[in-house]
Amino acid sequence: MLELSAVHYAYPGADSAALQNISLSLHAGDIVGVLGPNGAGKTTLFSLLSGLTQPSQGQLRWQHNTIRVGLVPQHLAFYGQLSIAENLAFFADIYQLTGALRQQQIQLVIAACDLSSRLQQRAATLSGGWQRRLNFAIGILRPAELYLFDEATVGVDAQSRQQLLAAVQQLAAAGKTLLYTSHYLQETEQIANRILILQQGKLLLDTPLNQLAATTRQLILQWPEQAPTGWASLLVELSLTATPLAKGELIALQNEQQWARLQQFIVMQSWQPLWLHYGPPSLEQLYLHVSGGQL
Amino acid sequence: MRLWALLAKEWRLLRRDVHAVAVLFLMPLTFVLLMAFALSDLNAGVPAVASVSLKQQADDHNSRFFAAALKQQLTILPDNQDSLVSVITSADFTDLLQQESDTPTPQLQLLFNASTPPVLRQQVRSAVTLALAQTRLQAFLRTNDMLSDEQSLAEQLAIVRQQTDSTLDEQDTGSQGQLLPQANASQHSVPAWLIFGMFFVMLPMANTLLSEQQSGTLLRLKSAGLPPLTLALGKCLPYFMINLLQFSLLVSVSYWLLPLLGLAPLQLNGSPLAYLLLACSIALCSSSFGFFIASLVRSNEQALMLSGGCNIILAAIGGIMVPKAVMPEAMQQVAALSPMSWALDGCLALLTGHGAITDIAPAAVKLLLFACVSFVLAYFIFQYKLSRIKWTALY
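These protein sequences, in sequence, are chains F and A.
Take the first sequence: its position 160, counted from the start at 1, is 188 in this note's numbering, and no numbers get skipped.
Take the second sequence: its position 224, counted from the start at 1, is 244 in this note's numbering, and no numbers get skipped.
(1) Let me know if residue 105(F) comes out buried or exposed under the rule of 16 or more other beta-carbons within 10 Å of its beta-carbon.
(2) Which residues of chain F have a Cβ atom closer than 8 Å to the Cβ of residue 37(A), listed in chain order?
(3) May I ask you to list, following chain order, the residues of the segment 116-132 of chain F that have a beta carbon less than 9 Å from some beta carbon of chain A?
(4) For my contact list, residue 159(A) and residue 118(A) are in at a C-beta cut-off of 8 Å; report their separation, rounded to the angstrom.
(5) Count the other CB atoms, across all protein chains shown, that sit within 10 Å of the CB of residue 72(F); report buried if there are 16 or more and exposed otherwise.
(6) Measure the alpha-carbon distance for residue 89(A) versus residue 120(A) and round it to whole angstroms.
(7) When the Cα atoms are used, what is the spatial distance from residue 353(A) to residue 386(A)?
(8) What did DSSP end up calling residue 70(F) once you bin it into helix, strand or coil?
(9) Within 10 Å of its beta-carbon, does residue 333(A) have 16 or more other beta-carbons around it, so buried, or fewer, so exposed?
(10) Please classify residue 39(F): does DSSP put it in a helix, a strand, or coil?
(11) Below 8 Å CB to CB, which residues in the same chain sit around residue 395(A) once its five sequence neighbours on both sides are set aside?
(12) What alpha helix (DSSP H) runs, 4 residues minimum, are completely inside the segment 88-123 of chain A?
(13) Tell me, which residues are paired with residue 280(F) by DSSP?
(14) Please state if the CB of residue 44(F) and the CB of residue 33(F) are separated by a distance shorter than 9 Å.
(15) What three-state label does DSSP hand residue 304(F) in the structure shown?
(16) Using 9 Å as the limit for Cβ to Cβ distance, is residue 323(F) near chain A?
(17) Using beta-carbon positions only, say whether residue 324(F) and residue 96(F) come within less than 9 Å of one another.
(18) Does any residue of chain A have a CB that is nearer than 9 Å to the CB of residue 103(F)?
(19) Which residues in chain A sit within 7 Å of residue 114(F), going by Cβ to Cβ distance?
(20) Taking only beta-carbon positions, decide if residue 413(A) is within less than 9 Å of chain F.
(21) Take residue 212(A) and list the residues in its own chain whose beta-carbon comes closer than 7 Å to its own, dropping the five residues that flank it on each side.
(22) May I have the straight-line CA-CA distance separating residue 323(F) from residue 213(F), to the nearest angstrom?
(23) Buried or exposed: which applies to residue 258(A), given that a residue is buried once 16 or more other Cβ atoms fall within 10 Å of its Cβ?
(24) Roughly how many angstroms separate the alpha carbons of residue 116(A) and residue 83(A), rounded to a whole number?
(25) Using the three-state DSSP reduction, which class does residue 31(F) fall into: helix, strand or coil?
(26) Taking Cβ positions, are residue 117(F) and residue 138(F) nearer each other than 9 Å?
(27) What does the alpha-carbon distance come out to for the pair residue 17(A) and residue 208(A)?
(28) When Cβ atoms are compared, which residues of the segment 246-277 of chain A fall closer than 9 Å to chain F?
(29) Cutting at 7 Å between CB atoms, please list the residues of its own chain near residue 31(A), excluding the five before and the five after it.
(30) Residue 409(A) versus chain F: which residues are under 7 Å apart at the beta carbon?
(31) Output, in chain order, the set of chain F residues within a Cβ distance shorter than 9 Å of residue 235(A).
(32) Looking at C-alpha atoms only, which residue of 26(A), 330(A), 94(A) is the closest neighbour of residue 228(A)?
(33) Can you tell me the Cα-Cα spacing of residue 236(F) and residue 315(F), whole angstroms?
(34) Return the first residue and the last residue of the beta strand (DSSP E) that residue 75(A) is part of.
(35) With burial defined as no fewer than 16 other Cβ atoms inside 10 Å of the residue's Cβ, what is the status of residue 154(F): buried or exposed?
(36) Take every Cβ of the segment 248-264 of chain F, pair it with every Cβ of the segment 80-94 of chain F, and state whether three or more of those distances are shorter than 8 Å.
Spelled out as structure tokens, the structure:
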């Protein structure tokens, strides 16, 4: 539904580009966890996707001519002097919701974010967690094709967080596309079905997380300079694919026999890998390795 | 519907902002009441009588007559009571009074405390000059046997006053030359502070727009596809209406409340349609200028400094704090650049000049032109800011 082709963006006067040659496709039902250290380009990517900025080069192509985007920014983007109900009613008007759809959407987000007990309370007087829930509710109030969540659950208690994550999954189940950034990698791992890792404006990894989860084991390793002779042909023989990472490569294994053959090959080499991890897939390990240890 | 939602939201936010309500309504109301009290004697017909102390170093007939003549106009305080003004006559008062020389010596000395206001100084000067003239006339009449020494001082003074007192027929005229009743103090003081208060919308306008930028609500509004013009109107129109409300409230208070406090009521002379046109012109001017200031500022400190500073400077040069009539000519030309001055001219044309729409048209046209220029400039700056909004909402 949304295609980014060789998208490039540089801020005026900046030495380097905030995004470089980003190409990816986003589909209905995707929950895409966007990971990367500060300055990796996540914010710029969200700005482009929300239509706030236009790419310097490359193209963003939507399946439809127009696309509606629901935003849950990191900032508490609502009016503190208005109550929860008034904020929801105001943004419902701004999103041009009318009639039954308006009532339905408002009731939906009130239930999804568990706001019903404090509807008449002014937003400025709510606790931090409640304010996050209201911020979240306003973002998903808009019927949209694409939703962007930026640290949407910071400061929310564990129980409420699960409720918000459930709301995110419901949106995906309804065929919406979601991009999600969070410093809680476990949270991203819980809901995302696809991971993008950005670093210094480049897309380091774009991989389906469920595919990783479905595999029993994964091998991440980094050879000192280049892979030894025979390594590539062994992978072909075992019907394995190596996904290149910033440092090394990632290989998803389907059975123990494959791991035994690879292990046998590795121990016979005169030089050993600089780094090797074999085990169940872990987003945190994957992320740390791909990004070179930067959080 | 979206514009209406923006208007309703702004109205709700304002209603709940105690500081904004204080700045927009309580402060101008307080100003109007205080200034109405302070200037209540202006044009009252009987000016306050100044008090002076009189120190005479001679006790001859002329000195006593001068004291009696001066007492007709000023309050003479007892010797032991302090006064801002002292009138001192010399021992040779009579000789100096009658001297005829090309280089006349002063007949008396006036000592003003340095803090004495110019109006009081002028009142004392006039009174002393008249008393001196009456004393000189009295001396002339006595020399020519037209006054007798057998007559008492009071009788002599009464005869002299018949010769010197004047009755003036003082009338106010309108723009068409028609005679008008003299305007009371409220007609002069209320409009100045009403205009001053209306221009204070700059501060809450700047603060609310800044708050929307910083919180990210403007990001949400932009991403919802709201056109910049709708956003701009959503900011200006509520304050335009607030301005009209301020105008109505302060005029109503001045009309109904001032007489209950024993002050001269505001008399709503002139055409009602002209009031409507003038109120709308001032409101458009102040709300557009407020939007211009709001679009410029990038922090709350800037908002406070720029809006407060602009308001006070425009008021100072526009004849709000000091009447233009008492300004030097160069300052009067500078005053003509202030929209507050145009607004005040329009108000006075109605309140004191009993004017019609044609009388306020020049002021209204200037105000509306200023509103257009301010809005267009502000709109371009606002559009530029909107275009620079990023996901983080910080820019």
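C-beta: ideal position from N, C-alpha, C; glycine also.
It should be emphasised that the depicted structure is a prediction, and the values quoted were computed from it without experimental measurement.
On the basis of the data shown:
(1) Buried, by the Cβ-count rule.
(2) 109
(3) 117, 118, 119, 120, 121, 122, 123, 124, 126
(4) The Cβ separation is near 6 Å, so the contact holds.
(5) buried
(6) 22 Å
(7) Taking the straight line from one Cα to the other gives about 15 Å.
(8) In the structure shown, residue 70(F) adopts helical secondary structure according to DSSP, grouped into three states.
(9) The C-beta of residue 333(A) has fewer than 16 other C-beta atoms within 10 Å across all chains shown, which makes the residue exposed.
(10) coil
(11) 252, 256, 308, 311, 312
(12) Within the segment 88-123 of chain A, the complete alpha helix (DSSP H) runs of at least 4 residues fall at 113-118.
(13) Its beta-bridge partners are 246(F).
(14) no
(15) Strand, per DSSP.
(16) With a pLDDT of only 49 at residue 323(F), under the threshold of 50, the placement of this residue in the model should not be trusted; the figure read from the coordinates follows. Closer than 9 Å: no.
(17) This structure leaves residue 324(F) out entirely; chain F is present only between 29 and 323.
(18) yes
(19) 32
(20) Because the pLDDT of residue 413(A) is 42, which lies under 50, any placement of that residue in the model is unreliable, and the number read from its coordinates should be weighed accordingly. True, the Cβ-Cβ gap to chain F drops below 9 Å.
(21) Excluding positions up to five away in sequence, the list reads 340, 364.
(22) Residue confidence for residue 323(F) is low, a pLDDT of 49 falling below 50, so the modelled location carries little weight; the figure read from the coordinates is stated next. Roughly 10 Å separates the two Cα atoms.
(23) buried
(24) Each residue's CA atom was taken as its position, placing residue 116(A) and residue 83(A) some 11 Å apart.
(25) strand
(26) no
(27) In this structure chain A extends from 21 to 415, so residue 17(A) is not present and cannot be described.
(28) 246
(29) Close CB contacts of residue 31(A) within its chain, under the 7 Å cut and outside five residues either way in sequence, are with 258 (chain order).
(30) 80
(31) By Cβ distance, chain F contributes 103, 104, 105, 106, 107, 108.
(32) A check of alpha carbon separations from residue 228(A) across 26(A), 330(A), 94(A) identifies 26(A) as the nearest.
(33) 13 Å
(34) 71-76
(35) Around the beta-carbon of residue 154(F), 16 or more other beta-carbon atoms lie within 10 Å, marking it buried.
(36) Between the segment 248-264 of chain F and the segment 80-94 of chain F there are fewer than three inter-stretch CB-CB distances shorter than 8 Å, so the stretches are not counted as touching.
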